[in-house]
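These notes concern the structure reproduced below.
In UniProt numbering, the protein residues as written are 1 to 911.
Quick look at the structure:
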């Protein structure tokens, strides 16, 4: 088919989702290629701090340039990655950078990392003056104000680093539930890997190959994505090593006590430590010097002939499928490459000992049938924190102590936290993320001093005396190596000794990095760093995330060029006037029914034929699925036959309650003779705004609305062809490639209600897709709204003056009051009552014209009965949902709650 014969219908499938929602378990892909550099600024995806420091010293760029580029990277990629929870305001960051640039110019350089951006984990306290919150990923701490910085924060500031923001994490450092995916928090949603094609798979295990791991998830992803060359995370048991290994980074958890934990939200003081993450061993050592208050690590060398190395049999240690859901090809590849790494060490190290007899923790950490490490961290039936020999080692005790002194906090104890989560399911326990078993067990636990001392003594003995110390002494080795995917990290937490990660390879099947864990004796961080230096010299450079991995190599899809229609945002009138469409002809004033100005753009559009499985609702905002159902009648009686079929189909696809809000037959003619088939829009748009969606659900579902709004809900457009598509295929834009500046709110004026949609201007960064020769058995599902989370973009677009950190997540308390608790009248008629959507600050030209029409009494459209139109669409019959099995509250949900994830409210479009 010749290119000129194909026309496209433009539809921005999920930009409202981008504007209004932050995914909490979305399946998305890698970051896009880096933008062209300003000045001579290097590629931040690859640049390390040493390279950046050299550029600053030589005047190639400034710290202000670095800050601006970091924010640009975050703006571009974090809609998908969700690595950041809060950012320092841009003006404040630039002031800090300018001051450090001036110091450099004046000859005052504070150290190796002067003027370098850094990200810190959101369990590390900062005072409000620094422009960030400290929430541990929980809405329960939203607004809490620490009275002082964590000690390591003051050290970072004194060393001249620029803290740009707080990183997302597994909520409460993965101490809320063992059944939540790593990298998820109520405030931040699901953090995604910058490498993994396809993002987090909902069917994967909680630390499976698709997961970025945690709990220091955002700290790792932020560095790998080029937000900053350095970050700080924390680890109790694996929370630095695991996410670093899956982000192709170096990291080290120092010996317990080397780095101050003051001001860090705790789990266990016997096992907790903050630690650095970086792309190179030098960067890692330089940052470790800063946070530990030393100057001994950055000058270390490292060569194989100085190292004595032991390795464990990684196959004996390999994790079970509950932790790492097996993928045969991945397991085979990892085993092959780990063994090759062992062989390299054997051939180059001064001394090499393979398969040393270090037993897995599951074989030796147990005491009286309980995991001693779990008892101390409160992860077993014995769960209460006590003070023993000045060592505070229990989550309950530590957290209560931390919260007691918290100012402006909603909670002041672990008990308060548990109750807050129960009282705010929309914020903290949405369907699929509703477990807080560890918190509840810790609150209800009790342990005697004798039991605690016995477990701690046993843990130290097996981890130190009979474990690591025995291997180091008997075999005369400096470090012990194993897979970072195994439980070897638990020996570091059990002993209090240091452990690090070095990157090793990437899985062929999805791009996930993996690495090796390196353990050393107490206070022997230098040995780990020496190993890292030797490893880096003899190991291939780890490739950066790039567009070739994005969307499963979808850059190679066949493409066409077509002219699409977009909103023309360049007209100066939009500075004071709001766009609108009116479904009411202005017969008296005779003004136009719209003030919208469109423009065209030549756009490259990729064909997903053969790659349907690479696109999903939660990853791209749309997906193509097969549905063989044939509709016999699309007329006024369609609801009786069609809606139940749609409900059944969508339940099978989404596993949720389904309610069909409306149906819209579309055709190529302006309107058919029966009056119920109209043309589809050809202008790039999204049907929903967040506020409008809340109002529509209230309007359409009446008494059922509170039940829907109390859970996760989504608006899904089901776009089903009635015959094979040869002309006007639907084209959709991947929401991740949109910028919030592309979207423009528009009023939709109907006889009895005013709603809103989003019109879009064109950007060269947008990526558009279609499917060639779409059959009548292929159906587009287009997600236009999802309440699971709201990004800061909706705050910007709604002109709500909230900071990034405040606007993250599903609803703030103000949102709940404004959109969920206020009553809504059934007749929201324009000119007679308040608008459904918030009053904009711009003028609305239609309002005066509409009043003239109403006053004249000559406009028949304004004399229809209330609710005769459903937001401007053709009349539709309401269904008795109680007669359709499983669609109402308590339907399927009560039969199989594990398969439910809230409500999906759909618009069926037949074309």
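Using N, Cα and C, we set each Cβ at its ideal position, and we do this for glycine too.
Does the distance from the C-beta atom of residue 166 to that of residue 576 stay below 8 Å?
no
For residue 499, the three-state DSSP class (helix, strand or coil)
strand
Continuous alpha helix (DSSP H) stretch holding residue 52: start and end:
49 to 57
Between which two residues does the alpha helix (DSSP H) holding residue 854 run?
845 to 856
When you compare each of 357, 414, 648 to residue 474 by their alpha carbons, which one comes out closest?
357
Using a Cβ-Cβ cut-off of 7 Å (strictly less than) and excluding sequence neighbours within five positions of residue 871, which residues of its own chain qualify?
Low per-residue confidence applies at residue 871: pLDDT is 31, beneath 50, and the placement is therefore not dependable, though the value from the model is reported in the following sentence. 696, 750, 753, 755.
Thinking residue 150 and residue 125 are a contact (beta carbons under 8 Å), I'd like their distance in whole angstroms, please.
5 Å
Unbroken beta strand (DSSP E) runs of length 3 or more, entirely within the segment 245 to 307: which are they?
250 to 253, 273 to 278
Rounded distance between the beta-carbons of residue 83 and residue 191, thought under 8 Å:
6 Å
According to DSSP, residue 567 sits in a beta bridge with which residue or residues?
598
Taking 8 Å as the threshold (C-beta atoms), are residue 503 and residue 249 in contact?
yes
Could you spell out the range, first to last residue, of the alpha helix (DSSP H) harbouring residue 704?
Residue 704 -> no alpha helix (DSSP H), and no H or E assigned at all.
Residue 424, DSSP secondary structure in three states:
coil
Between the C-alpha atoms of residue 449 and residue 521, what's the straight-line distance to the nearest angstrom?
29 Å
Report yes if the C-beta distance between residue 719 and residue 709 is below 8 Å; otherwise report no.
no
Identity of the residues DSSP links to residue 759 by a beta bridge
685, 744
Return the bridge partner residues of residue 506 from the DSSP annotation.
513
Taking just the CA atoms, how far does residue 132 sit from residue 422?
26 Å
Let me know if residue 178 comes out buried or exposed under the rule of 16 or more other beta-carbons within 10 Å of its beta-carbon.
exposed
For the candidate residues 297, 262, 760, whose alpha-carbon lies nearest to that of residue 686?
760
Would you report the Cα separation of residue 793 and residue 740, rounded to the nearest angstrom?
Here the model assigns residue 793 a pLDDT of 29, short of 50, so the residue's position is not dependable and the matter cannot be decided.
Are the segment 288 to 305 and the segment 561 to 571 touching, with three or more C-beta to C-beta distances below 8 Å?
no
On the DSSP letters alone, give me the boundaries of the beta strand (DSSP E) that residue 66 sits inside.
Looking at the DSSP string, residue 66 is not in any beta strand (DSSP E); the run it does join, the alpha helix (DSSP H), is 63 to 81.
For residue 180, three-class secondary structure by DSSP:
coil
Rounded C-beta distance between residue 245 and residue 207? I'm assuming under 8 Å.
Going by Cβ atoms, the distance from residue 245 to residue 207 rounds to 11 Å, so no, they are not a contact pair.
With three or more C-beta pairs closer than 8 Å as the rule, is the segment 46 to 66 touching the segment 129 to 147?
no
Answer yes or no: do residue 62 and residue 71 have a C-beta to C-beta separation smaller than 8 Å?
no
Am I right that residue 365 and residue 494 are in contact with their C-beta atoms under 8 Å? What's the rounded C-beta distance?
7 Å
Residue 457 to residue 488 span [Cα, whole Å]:
19 Å
Put residue 203 into one of helix, strand or coil per three-state DSSP.
coil
Give a yes or no on contact between the segment 581 to 590 and the segment 604 to 613, applying the rule of three or more CB pairs nearer than 8 Å.
no
Quickly, what does DSSP pair residue 235 with across the bridge? List them, please.
273
For residue 84, report the span of its beta strand (DSSP E) as first-last.
84 to 87
Please report the straight-line C-alpha distance between residue 346 and residue 534, rounded to a whole angstrom.
13 Å
Rounding to the nearest angstrom, what Cα-Cα distance links residue 111 and residue 606 in this structure?
49 Å
If you follow the beta strand (DSSP E) that residue 121 is in, where does it begin and where does it stop?
117 to 121
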